[in-house]
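Heads up: the sequence shown begins at 1 in the UniProt record's numbering, then just goes up one per residue.
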Amino acid sequence: MAEFWYNTNYQSAIGMTPFKALYGFDHPQPSFELVAQTRLESVDQILRERQLLNKILKDNLTNAQNRIKHYADSKRMAIRRNLKLAAKFYGAFEVLRKIGKVAYVLKLPLGSKIHPVFHVSQLKKAVGNHVQPSKEPPICTDDGQVLTEPVAILGRRIMKKGNKGATQVLAQWENLSKDEAT
1 MAEFWYNTNY QSAIGMTPFK ALYGFDHPQP SFELVAQTRL ESVDQILRER QLLNKILKDN
61 LTNAQNRIKH YADSKRMAIR RNLKLAAKFY GAFEVLRKIG KVAYVLKLPL GSKIHPVFHV
121 SQLKKAVGNH VQPSKEPPIC TDDGQVLTEP VAILGRRIMK KGNKGATQVL AQWENLSKDE
181 AT
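Next comes the structure, spelled out in structure tokens:
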């Protein structure tokens, strides 16, 4: 009965019932509803029991889906990264040697706490003599938090957020140029 219920109910992942996905048409739903009294009380009793069983099955399957969703959602973590504050590239650093087809060893500053081997997807070719984003990676604490503080307020504006106004500030950060203000 549970398999029948599953195969004949709409699945949002496929946009139809599994029965329709397999056979191309919807399965006719059996009706156990009491439209009128039958002549036999035993048949009426069986139909009432079948209705109750169907309701219990639907409720139990819905509760199981909700429990599974609750458990899965409890393991999820909403990660909100402020990518605007993260520097995309540091450099330029000298390439010491190539390892295999896709990795390079770089000559990093002596105080850096990162491994000097990088995959090519993490590297960007330095072209020309234009201004580099940053010569050194930012100073970090032992747990990886960037140690930086605002130096100057370059601008401010009020943005409408719903029915209220929110002030946004453009700040220049310590050890960063004005172009990297956020």
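C-beta: ideal position from N, C-alpha, C; glycine also.
Values in this document were obtained by computation on a predicted structure and should not be read as measured data.
{"Check": "Alpha carbon of Pro109 to alpha carbon of Ile79, nearest angstrom", "Outcome": "31 Å"}
{"Check": "Residue range of the unbroken alpha helix (DSSP H) whose run includes Arg50", "Outcome": "41-75"}
{"Check": "Cα-Cα separation, Lys164 to Thr148", "Outcome": "30 Å"}
{"Check": "Coarse secondary structure for Phe93, derived from DSSP in three states", "Outcome": "coil"}
{"Check": "7 Å Cβ cutoff met for Tyr104 and Lys113", "Outcome": "no"}
{"Check": "Proximal residues to Thr17 (C-beta, below 8 Å), its chain only, five neighbours per side dropped", "Outcome": "Asn7, Thr8, Asn9, Tyr10, Gln11, Asp26, His27"}
{"Check": "For Val131, the three-state DSSP class (helix, strand or coil)", "Outcome": "With a pLDDT of 49 at Val131, under the threshold of 50, the predicted position of this residue should be treated as unreliable, and no value is reported."}
{"Check": "Leu22 burial status per 10 Å Cβ neighbour count (16 or more: buried)", "Outcome": "exposed"}
{"Check": "Ala126 versus Pro116: straight-line alpha-carbon distance, rounded", "Outcome": "17 Å"}
{"Check": "Buried or exposed (CB count within 10 angstroms, at least 16 for buried), Leu40", "Outcome": "exposed"}
{"Check": "Residues that DSSP places opposite Thr167 in a beta bridge", "Outcome": "Ile158"}
{"Check": "Coil, strand or helix - Tyr10 by DSSP", "Outcome": "coil"}
{"Check": "Residues of its chain near Val131, where Cβ-Cβ distance is below 7 Å and the 5 sequence neighbours each way are ignored", "Outcome": "The pLDDT assigned to Val131 is 49, lower than 50, so where the model puts this residue is not dependable, and the model offers no usable value."}
{"Check": "Bridge partners - Val105, DSSP secondary structure assignment", "Outcome": "Arg97, Val117"}
{"Check": "Residues near Gln37 by beta carbon distance below 7 Å, same chain, minus five either side", "Outcome": "Asp44"}
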